[in-house]
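Residue numbers (our numbering), protein chains in the order written: chain W, -17 to 267; chain G, -19 to 382.
Built from N, CA and C at the ideal position, the CB exists for glycine as well.
Below is one structure, written out as C-alpha cells; comments come after it.
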Amino acid sequence: MFKAGRTPWVFLLPALLGLALFRLAPIGVAAVGSFYTEGLTGEMHFTGLDNLVSVATDPDMVAALLRTLLFVAVVVPLVVGMSFALALLVQAPTRFSIACRTILVLPVTMSVALTAVLWNLLFDPILGPVNTVLSGMGFERQFFFRGADQALPTMVALATWRASGYWMIFMLAGLLAIAPDLREAARIDGATRWQSLRYITLPLMTRTFAFVAVGATAVAFLFFAPILVITSGGPEARTELLMFKAYEAGFLRLNHGRALAISLALLVLVGIFAVLELRLLRARE
Amino acid sequence: MGGGHAKAQATQLATIWMGWPEQHVRPLFEMFSQAHPEIDPVVTPIPFDNLLQALEVQLGARTPLPDIYMADGSLTASYAVRGHALDLTSVFGPEQDRFTAAGWDQGTWRNRLYTAPLHTSSPLLYINRRLFAAAGIDIPAADPAQRLTWEQTVEIGRRLTDRSRDTWGLVIEQSARPYQILPIMQSHGATVISEDGLSVTGHIDSPRFVEAAQFYADLFNRHAISPKGVFDLALAREVFTSGRAGMLIAGTWALDLFDRVQGLDYVAVPHPSFAAGRPVTCTGSWHIALNPRSRNRDQQLTLLRYFMSPGLQQAWFRLRTNPPVLKATYETMPEVFSSPAWRIVLHELNTTAVPRPRTPGFREYEDVLHTAFRDIQGGAEVAPRLQRATRDIDRELLKYRS
C-alpha cells in the first residue's frame, strides 16, 4: 500500500502532528508574541525587543532568576539522589517490593493542585497537624510556607517529595536493565557491595542519570502550581520563581507580551541546562 | 419547565458564575428557566480564587463566549476600557432610582453603566460571647455611635489572646485583601489612589498610609493578637467558630453561616475605627456583565432584566444574606432588616461604606497590594514594602494613561 520508505512516516505522522501542534506551535507563538505588546482593546503593537529588555533589566526579575537557579540547583540533585536511593531500596524482589514501589509512586498520582492544598493544610502555622505535633513535642511552632526564611526550603521539600517517586520508576528500569551476571561476577571476584555499586552500577546508570537529570531540571524550572496555590510568590517574594512571574505578568498584571518574553527566557534556560547536563554526563560515559 | 423538547430548542447562554454553593445558585436559574423556557443558561460555577483568572483567559480570547459573566464590581472599569462589558446605560439608565446609590455606582465607569449589581456587602465585628465572658470583658455596644476604636480593639484582643491555648484576640476574614484592609488606612485619614485612578504615588506611600499599615502589622507582630498567615476565608471563619478567636471581622454572609454552627454564642457589632479618625467600612458588590461580542443579545438582556427584578432579588437574599441593591427589597422585608445586625449594616451602607478604588487597573492594584499586605503581615518592614508596591502599581497603571 505504501512505499517502504514512506511507511514509517505514516505511522509517525499523528505523533508528529501532535508534537507540532501542542509543543512547537506554542513555542512559536511565545517567540513571536514576545515581540508584541497588546493594547487595551486587543490590538497588537510590534515593540521589538522592548519586552525582553524590560524583563532583563527589572531587578525583581533578576532576583527571580537567581532564586530559580538556586531552586533548580538544590531540587535536581535531591531528586536524582532520592529517586536513585529509592530505586535501590525497592529493587530487590521481596514480598513487599510491589507494595513499596506503589506507595512511593503515589505522590505523582495526585494532582499538583491537590498536593499543594494538602501540604498547605498540613504545614499551616495555626491549624496544621505538623505544627500540632511539633508543639506537642515541646518545639516552637514553625511558619513553613508563611516564613520568609522557610518558604523556599519547604517548597524544595514539596517538589522533591512529589518528583522522587516518579523518577524512581526510570531509575528502577535502569537498574533492572543491568545484567545480573555483572554483579554476580563481581561478587565472586570478592567485590564489596559498595565496590559493586561504585564500579558497576553507577557507570552503567549514566544514561539513566542523564535522562532523569534533564527531565527533573525541566520540571524544576517549570515548578508553579504549589507556589500559586500556597504562597503566591510570598512571603516577601521569597518563592517568586520565573514560572510564577510569567503567570503573574500574563494573568494578574494583564501584560501578555511580558509573560511571553519570560516564557521564552525560561525555554532558552531549560534548553541550555539540558545541553550542559547531557554533555557532562556523556563525557563521563 | 419546558421539558426536553423545549429545552433542546432553547437558546443556550454560556454563563460564568461565582462558585457559590449549588443549592444557592440553582434555584435562581430554575426560576428563570420557568419564566423563560426559550432560554437555557448553561452555568459554569468557578470558585472565587480562580474566577477572575478564568475570566481573563476567556474574555482575553475576544470571542462571543461567555455570553454572561459575573463581575467583581471593582473590575467594572477594567472590563469597560478593554471592551469586555456591554454598555448597559440605555437598558437600566431610566431605572437608576430602583438601585441603591453604592450598588449602582460600582457598576459605572465615566458615568456609563457597564455591569448590573446583584448584591453588595458590608462588614461586621463578630464577638464570641463565651470568650468575652470568660475574660470578664463587656460585650461592645451595637450602637454605631459607640463603636469600638481600634485602640480598644487591640486592648481587648490582648486580654483574649492566650498563645498557650492557641486562642486569638482578633481574626480578619480577608486578612490581606485590600477589600477588608484598606478601611484601616482610610479610617486613619489616608487616601488610597489618585482621583483619576491612575497613580498611587503620594497615596499608599504617604505617612498616613504607612502609619496605619504599621498598626496593621502590629496586630500580627508587636501586639500579636491576630494569627499570621490565615489567608483562607473559610479557615479564618473556622478559627472563630471553633472558639479560638474572640473577635472576627467578616461580611454579612457569615451571619447565616454562624447561625447554623451549634454551640456558637455570638453577637455582631459595628466595625472598629480609629479614635482620632473617621469610621470607614468596606463595601463592594458582585455584578452581572454581558459580553458585547455575544451573538445572543436579546437573550442576554432578558436574563439580565430578570435577575434585576424584585422577585428574583428577594429570592437571592433569602438564599444568601448579602445586602440587596434594589431598594424595593428592603421595603418588602422589613422584618429581616429591623434585626440588630441588619440595622448596623444599613447604617454602615448609608454613612461609612467606602467602595474599593475606581481604576481601570484595579486587578493589578489589588494584586500588588494584596501581596504587600501579606508580606507586611508576615513581618516585612512597612515603609520600604509600600514603596515597592507603589512603584509596581504605578508601572502597571501606565498602560491605562493613553
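- G231(G) sits buried, since 16 or more C-beta atoms from the chains shown fall within 10 Å of its C-beta.
- Collapsing the DSSP output to three states places Y94(G) in coil.
- With distances taken between CA atoms, A247(W) lies nearest to M43(W) out of L158(W), Q73(W), M43(W), L157(W).
- For V23(G), the enclosing beta strand (DSSP E) stretches over residues 19 to 26.
- Just measuring C-alpha positions, the residue of A159(W), A173(W), N113(W), T91(W) sitting nearest S146(W) is T91(W).
- In terms of Cα proximity to G232(W), the closest of L3(W), F4(W), S16(W) is S16(W).
- Of all residues in the region 195 to 223 of chain W, only S214, G215, G216, P217, E218 place a beta-carbon less than 7 Å from a beta-carbon of chain G.
- Going by beta carbons, S58(G) and R343(G) fall inside the 7 Å limit.
- With a cutoff of 7 Å on beta-carbon distance, P44(G) and R277(G) are scored as not near each other.
- Using beta-carbon distances, P44(G) does not count as an interface residue toward chain W, since no partner is under 7 Å.
- DSSP places E20(W) inside the beta strand (DSSP E), whose first and last residues are 18 to 20.
- Cβ-Cβ distances below 7 Å link E20(W) to M26, H238, G239 in the same chain, with the five nearest sequence neighbours on each side left out; the list follows chain order.
- Counting along the chain, M92(W) sits inside no beta strand (DSSP E), nor does DSSP assign it H or E at all.
- Proximity of R128(W) to chain G, defined by a Cβ-Cβ separation below 7 Å, is satisfied.
- Using a CB distance cut-off of 7 Å, I182(W) does not count as an interface residue toward chain G.
- With contacts defined as CB atoms closer than 7 Å, V57(W) and A202(W) qualify as a contacting pair.
- Excluding its 5 nearest sequence neighbours in each direction, Q160(G) has C-beta neighbours in its own chain below 7 Å: P103, I152, E153, Q154, I229, C262, listed in chain order.
- A distance of 7 Å or more separates the beta carbons of H251(G) and T95(G).
- Of the candidates F226(W), V211(W), M225(W), the residue whose Cα lies closest to the Cα of A98(W) is V211(W).
- Around the Cβ of G243(G), a 10 Å sphere holds fewer than 16 other Cβ atoms; the residue is exposed.
- By the neighbour-count criterion, in which 16 or more other beta carbons inside 10 Å mark a residue as buried, G215(W) falls on the buried side.
- Residue state for A269(G) is assigned as strand, using DSSP reduced to three classes.
- Three or more beta-carbon pairs drawn from the region 53 to 73 of chain G and the region 81 to 101 of chain G are found closer than 8 Å, and the two stretches are therefore classed as touching.
- Around the beta carbon of E311(G), fewer than 16 other beta carbons lie within 10 angstroms, which makes this residue exposed.
- Within the DSSP secondary-structure output, M227(G) pairs in a beta bridge with I107(G), L150(G).
- For a Cβ distance threshold of 7 Å, residue set L22, T23 of chain W lies close to R62(G), ordered along the chain.
- Counted as a single uninterrupted DSSP element, the beta strand (DSSP E) harbouring A248(G) occupies residues 246 to 249.
- For T261(G), the enclosing beta strand (DSSP E) starts and ends at 261 to 263.
- Under the Cβ distance rule, I108(W) counts among the residues neighbouring chain G, one pair being separated by less than 7 Å.
- When the Cα atoms are used, D77(G) and P97(G) turn out to be separated by approximately 13 Å.
- Under the 7 Å criterion on CB atoms, F233(W) is classed as interfacial with respect to chain G.
- Under the 7 Å criterion on CB atoms, E346(G) is classed as non-interfacial with respect to chain W.
- Nearest to A122(G) by C-alpha distance, out of Y49(G), S174(G), P320(G), E135(G), is P320(G).
- Ranked by how close their Cα comes to the Cα of R381(G), the residues A193(G), S13(G), L178(G), Q(-11)(G) have L178(G) in first place.
- The DSSP-derived three-state label of Q(-8)(G) is strand.
- By the Cβ criterion, the region 97 to 116 of chain W is in contact with the region 200 to 217 of chain G, since at least three pairs of Cβ atoms, one from each stretch, lie closer than 8 Å.
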